[in-house]
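Colleague: Counting from 1, one number per residue, gives the positions in the sequence shown under my numbering. Ideal Cβ positions, reconstructed from N, Cα and C, are used throughout, including at glycine.
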Amino acid sequence: MRYAVLSDVHGNLEALHAVLDDLEGRADAVLCLGDVVGYGASPSECIELLAARAERIVAGNHEHAVAGLLDLGWFNPYAGAAVEWTRARLDREARAWLGALPLTAEVEDATLVHASPVRPEEWDYLIDAEDGWGAFASFGTRLCFVGHSHLPGWWSLGSSGPDHEPRAVDFALEHGRRYIVNVGSVGQPRDRDTRAAYVVWNTEERTLSYRRVPYDVAGARAKIVASGLPRYLADRLGVGA
Ligand code: ZN
Numbered sequence: 001m002r003y004a005v006l007s008d009v010h011g012n013l014e015a016l017h018a019v020l021d022d023l024e025g026r027a028d029a030v031l032c033l034g035d036v037v038g039y040g041a042s043p044s045e046c047i048e049l050l051a052a053r054a055e056r057i058v059a060g061n062h063e064h065a066v067a068g069l070l071d072l073g074w075f076n077p078y079a080g081a082a083v084e085w086t087r088a089r090l091d092r093e094a095r096a097w098l099g100a101l102p103l104t105a106e107v108e109d110a111t112l113v114h115a116s117p118v119r120p121e122e123w124d125y126l127i128d129a130e131d132g133w134g135a136f137a138s139f140g141t142r143l144c145f146v147g148h149s150h151l152p153g154w155w156s157l158g159s160s161g162p163d164h165e166p167r168a169v170d171f172a173l174e175h176g177r178r179y180i181v182n183v184g185s186v187g188q189p190r191d192r193d194t195r196a197a198y199v200v201w202n203t204e205e206r207t208l209s210y211r212r213v214p215y216d217v218a219g220a221r222a223k224i225v226a227s228g229l230p231r232y233l234a235d236r237l238g239v240g241a
């Protein structure tokens, strides 16, 4: 089985379309790690597409905020403005769908969680080596896929010692090792690469491959500006940060 694992689409329909085109023929199923909405100008279109295409979806902090499950005080002013903008544009059915997504899911020998497996509802960031290594006791599967930081990379633990790769570097699953994999962001990359990011997990070949996909950044930016969302949210797509 080949799974496309993607996260943090953030209402960026142009990036999502490019990723769904790219994974055609490369993946058999889609897994989504949350933050489908927020920041971008096309939240309902992204919800519809992923509700139809994704085999499993877990909730992100933006889903919880839009659904009224997370206080806006948690967010910086740009993110808070995007949450309010998004909430006003989704109907009751879409908001209820967001609020009903689970915090975690298991697919084969992988855990799916938006932020951290330690306390998923606290939305902690896994950034440095110790953050990741400290999270392995909190899930029982061999793999754990995360998003949230919008920074691709991975952590690994095994008898030959701990490992941390803070970049999008492909790897093969080694016997006796466990992995936490940040798949990066489809709709708002922050690693200075403007292309949409996702991962292909091949369970037969036992490999993890990062994909980067060019998309219509100018189109996504123009829609954000025209929609009345903060201009900063458009500008950051142009630098990937
Ligand atoms: Zn996010």
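#1: Please name the residue in R142, G99, D235, Y198 whose C-alpha comes closest to that of L20.
#2: At which residues does the beta strand (DSSP E) containing V200 begin and terminate?
#3: Can you pull the DSSP bridge partners for N182?
#4: Tell me whether G60 counts as near the ligand ZN, meaning its Cβ is closer than 7 Å to at least one heavy atom of that ligand.
#5: Is any heavy atom in the ligand ZN found nearer than 7 Å to the beta carbon of D124?
#6: Hey, would you say V83 sits closer than 8 Å to L90, going by beta carbons?
#7: Going by the beta-carbon positions, is the gap between V30 and A59 smaller than 8 Å?
#8: Could you spell out the range, first to last residue, of the beta strand (DSSP E) harbouring D124?
#9: Pairs of beta-carbons, one from the segment 93 to 108 and one from the segment 126 to 133, closer than 8 Å: are there three or more?
#10: If contacts are defined as beta-carbon pairs under 8 Å, then L237 and A220 qualify, I think. What distance do you get, rounded to the angstrom?
#11: Would you say the beta carbon of D35 comes nearer than 7 Å to a heavy atom of the ligand ZN?
#12: Can you tell me the Cβ-Cβ gap for H175 and G147, rounded? I've got them flagged as a contact below 8 Å.
#13: In this structure, how does DSSP classify A105 when only helix, strand and coil are distinguished?
#14: Tell me the residue span of the beta strand (DSSP E) that contains A110.
#15: Taking 8 Å as the cut-off, decide whether the C-beta atoms of H150 and S116 are in contact.
#16: Is DSSP giving H17 helix, strand or coil here?
#17: For N61 and I47, what's the separation of their Cα atoms in angstroms?
#18: Could you name the residues of the same chain whose beta carbon sits closer than 6 Å to that of Y215, not counting the 5 residues immediately before and after it, in chain order?
#19: Cβ atoms of L229 and W74: under 8 Å apart, would you say?
#20: Pick out whichever of V217, E63, L143 has its Cα sitting closest to the Cα of L208.
Modeller: Let's see:
#1: Y198
#2: 196 to 202
#3: V146, G153
#4: yes
#5: no
#6: no
#7: no
#8: Unbroken run through D124: none, as it is neither H nor E.
#9: no
#10: 6 Å
#11: yes
#12: Going by Cβ atoms, the distance from H175 to G147 rounds to 27 Å, so no, they are not a contact pair.
#13: strand
#14: 110 to 113
#15: no
#16: helix
#17: 15 Å
#18: E14, A15, A18, A196
#19: no
#20: L143
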